[in-house]
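Engineer:
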Amino acid sequence: MVEYGRHHGAQSGYGQIHTDEQIADFDAMQGSTHFRGPYKVEFTINYETKFGENFRMTGSLPELGEWDLLKSAKLKWTTGHNWKVTIETSEPFFFYKYVIVDNNCKALRWEEGENRIADVRILCIEAKEKHQPIAQQIDKWNMFTVKYSIYYPLMEGEYMRINGDTDKLGDWNKGKGPVRMVEGAPQKTLTGVIVKPWEIFFEYSQQELAALRASSLKGMLTYKYSIRNDRSNETIWEREPSRYCNIQLPDDYQGELGLEGSSKWPNKDRVFIVNGMIDKADANFVGGLTFNKIGDTGIYIGPYPQTHDDAKALYSAGVTGVLNVQTEIDHAHRSIDWSKMQAYYRELNIEPVWFPIHDFNATDLESKIYEGAQKLNDMLTRELNVYVHCTAGMGRAPAVVLTYLSIFKGMDPTIADLFVKSYRSVSAPNLPVVKRVAEKYGK
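All residue numbers for the sequence shown refer to the UniProt record's numbering, where the first residue is 1 and numbers rise by one.
Here it is as structure tokens:
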């Protein structure tokens with residue numbers, strides 16, 4: 001079913017922060033994302049030991065004995081059964097485990113399962129953001145956390161849910177079903193917008209991870225998101241392929257998160273448990289062909305069409321041209337047959353134009369959106385009504401439209417952004433990139 005104009009008018013997306021002042025304040029609070037060693041981190045684990053038992057931390061660092069328990073780091077007991085040790089190292093990441101030992105440093109209990117990964121660059125960045133005097137890592141014996149998050153502005157009365165192939169994720173339709181998510185704290189999206197994403201946390205034990213690896217799932221969590229409105233008893237499911245959280249073995253970690261300066265795995269399937277957590281930051285919720293006409297500009301923005309019926313829906317809405325900024329990777333991931341879609345469009349006298357821009361890649365976006373805006377201007381000059389789409393109609397497509405409005409119509413980029421959002425509230429383009437391109441090419 002086509003939901004033309006579901007997000008319309010002055011409806012503001014829940015959780016989105018719009019103003020330049022708010023963004024500047026947030027950036028100041030976040031601080032720099034670059035941090036170089038040497039590194040100093042305090043590790044804490046809560047565990048109530050028995051008389052005569054002590055805690056040790058061993059691992060790949062010389063400071064941890066390089067897995068030699070006799071040379072490992074000794075933790076100190078503090079109030080509340082919190083065991084602590086401070087590690088100083090020049091290494092940006094390392095592997096470790098906790099061990100309970102007797103008074104002769106003989107192992108009584110090792111943590112089960114796989115080695116832990118500490119990426120201390122991330123811990124130091126987070127400490128700076130929180131104005132902490134020293135970086136902190138708080139662990140839980142034999143446990144790790146998986147955080148799922150996705151940003152999508154919803155209408156009043158709606159909320160996001162997650163459902164997947166384990167008990168914690170609701171076990172699809174065989175178990176308890178979709179699990180409700182909550183709105184989180186402000187953070188910057190992959191396109192540079194400050195938003196409040198929907199999020200949920202699950203704790204897993206090393207035993208559960210071992211069982212997951214031994215099962216047919218092979219260490220991979222499969223899931224989807226859905227939007228629920230209890231008042232109207234309506235549910236909107238993703239029409240995207242299932243999402244994956246493919247947990248890699250720790251030995252394959254090469255410091256990816258520290259190099260990126262973020263604890264998040266942004267829209268990626270291949271992940272590691274780093275600093276006791278998998279922070280799975282997803283994007284591109286596509287529940288259907290929900291698109292919007294942007295005032296009297298002759299421009300429509302929305303997600304990707306994929307069927308003959310979708311092409312007919314565009315035709316019925318008055319669309320006579322399509323500007324597709326998805327890449328071949330996008331097409332392959334979603335089984336989109338672009339040649340077939342072109343045939344559908346031409347059958348309906350809709351002119352298709354393909355201009356690929358990589359998703360969540362600010363460098364590629366900045367190098368291409370001016371040309372994308374030129375193509376849009378050419379189509380509009382020929383009096384076509386143009387449907388501009390990326391995957392979800394939230395990032396790349398609005399960025400191209402904003403660049404067109406700024407350069408060819410003389411609108412201030414911030415005003416253009418608010419104008420587009422007044423018709424498509426889910427719009428979340430990389431505004432700083434648009435501003436730089438508009439300043440470079442604007443008249």
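Each residue gets a CB set at the ideal place from its N, CA and C atoms; glycine is no exception.
1) Closest to Lys-140 by CA distance: which of Gly-276, Pro-186, Ile-369 is it?
2) Taking the alpha helix (DSSP H) that Cys-124 falls in, what are its first and last residues?
3) According to DSSP, is Glu-111 helix, strand or coil?
4) Taking C-beta to C-beta, are residue 447 and Ser-72 nearer than 7 Å?
5) Taking Glu-366 as the reference, give the member of Tyr-152, Leu-384, Val-400 with the closest Cα.
6) Which residue from Lys-74, Asn-115, Met-379, Gly-170 puts its Cα closest to that of Met-143?
7) Output the distance between the C-alpha atoms of Lys-97 and Pro-356, rounded to the nearest integer angstrom.
8) So is Ile-329 buried or exposed if we call it buried at 16+ other beta carbons inside 10 Å?
9) Is it the case that the Cβ atoms of Thr-44 and Lys-84 are separated by a distance below 7 Å?
10) Report yes or no: do the region 348 to 363 and the region 318 to 329 share at least 3 C-beta pairs separated by less than 8 Å?
11) Would you check if there are 3 or more beta carbon pairs closer than 8 Å linking the region 238 to 256 to the region 272 to 288?
12) Name the residue from Asn-430, Leu-123, Ile-236, Leu-70 whose alpha carbon lies nearest to the alpha carbon of Lys-40.
13) Secondary structure at His-81, three-state DSSP: helix, strand or coil?
14) Does DSSP put Tyr-441 in a helix, a strand or coil?
15) Report the residue from Met-160, Glu-111, Pro-153 whose alpha carbon sits nearest the alpha carbon of Asn-229.
16) Tell me the DSSP secondary structure of residue 464 in three-state form.
17) For Tyr-441 and Val-182, what's the separation of their Cα atoms in angstroms?
18) Please report the distance separating the alpha-carbon of Val-353 from that of His-308.
19) For Phe-94, which of Arg-424, Gly-255, Asn-267 has the nearest alpha-carbon?
20) Let's test the definition: count the other Cβ atoms within 10 Å of the Cβ of Thr-290 and tell me whether it reaches 16, buried, or not, exposed.
21) Taking only three categories from DSSP, how would you classify Val-434?
22) Excluding five sequence neighbours on each side, which residues of the same chain lie with their C-beta closer than 6 Å to the C-beta of Ile-236?
23) Within the same chain, show all residues whose beta-carbon is closer than 8 Å to that of Asp-412, passing over the 5 residues directly before and after it, in chain order.
24) Excluding five sequence neighbours on each side, which residues of the same chain lie with their C-beta closer than 6 Å to the C-beta of Gln-342?
25) Within 10 angstroms of its Cβ, does Lys-174 collect 16 or more other Cβ (buried), or is it exposed?
26) When the distance is taken between beta carbons, is Ala-392 closer than 7 Å to Pro-266?
27) From the DSSP output, in three-state form, read off Gly-372 for me.
28) To which residues of the same chain is Lys-188 closer than 6 Å at the C-beta, ignoring the five residues directly before and after it?
29) For a minimum of 4 consecutive residues, which ranges assigned as the alpha helix (DSSP H) are wholly contained in the region 235 to 272?
Structural biologist: Once the coordinates are examined:
1) Selection Gly-276, Pro-186, Ile-369 evaluated against Lys-140 yields Gly-276 as nearest (Cα-Cα).
2) Where Cys-124 is concerned, the enclosing alpha helix (DSSP H) stretches over 120 to 129.
3) In the three-state reduction of the DSSP assignment, Glu-111 falls in the coil class.
4) The chain is shown only over 1 to 443; residue 447 falls outside these bounds and no answer can be derived.
5) Out of Tyr-152, Leu-384, Val-400, the CA that lies nearest to the CA of Glu-366 is found in Val-400.
6) Nearest C-alpha to Met-143: Asn-115.
7) Each residue's alpha carbon lies about 45 Å from the other.
8) Classification of Ile-329: exposed, given that the 10 Å Cβ count is below 16.
9) Yes, these two residues count as a Cβ contact at 7 Å.
10) As far as the Cβ criterion goes, the region 348 to 363 touches the region 318 to 329, which means the pair count is three or higher.
11) Three or more Cβ pairs closer than 8 Å define a contact, and the region 238 to 256 meets that threshold against the region 272 to 288.
12) Nearest Cα to Lys-40 within the set Asn-430, Leu-123, Ile-236, Leu-70: Leu-123.
13) Coil at His-81, not helix or strand.
14) Of the three classes helix, strand and coil, the one that applies to Tyr-441 here is helix, per DSSP.
15) Closest option to Asn-229, Cα to Cα, is Met-160.
16) Outside the modelled stretch of the chain, which goes from 1 to 443, sits residue 464, for which no answer is possible.
17) Going from the Cα of Tyr-441 to the Cα of Val-182 covers about 41 Å.
18) Taking the straight line joining both Cα atoms gives about 17 Å.
19) Comparing Cα positions, the closest option is Gly-255.
20) Buried, by the Cβ-count rule.
21) Residue state, collapsed to three classes: helix.
22) When the five nearest sequence neighbours on each side are left out, the beta carbons in the same chain lying within less than 6 Å of the beta carbon of Ile-236 are those of Ile-227, Gly-287, in order along the chain.
23) Cβ neighbours of Asp-412 beyond the five flanking positions: Ser-406.
24) Contacts found: Pro-352.
25) By the neighbour-count definition (other C-beta atoms within 10 Å, threshold 16), Lys-174 is an exposed residue.
26) With contacts defined by Cβ atoms closer than 7 Å, Pro-266 and Ala-392 do not form a contacting pair.
27) Looking at Gly-372 - three-state DSSP - the assignment turns out to be helix.
28) The answer, listed in chain order, is Ile-194.
29) List check, alpha helix (DSSP H) in window: 256 to 260.
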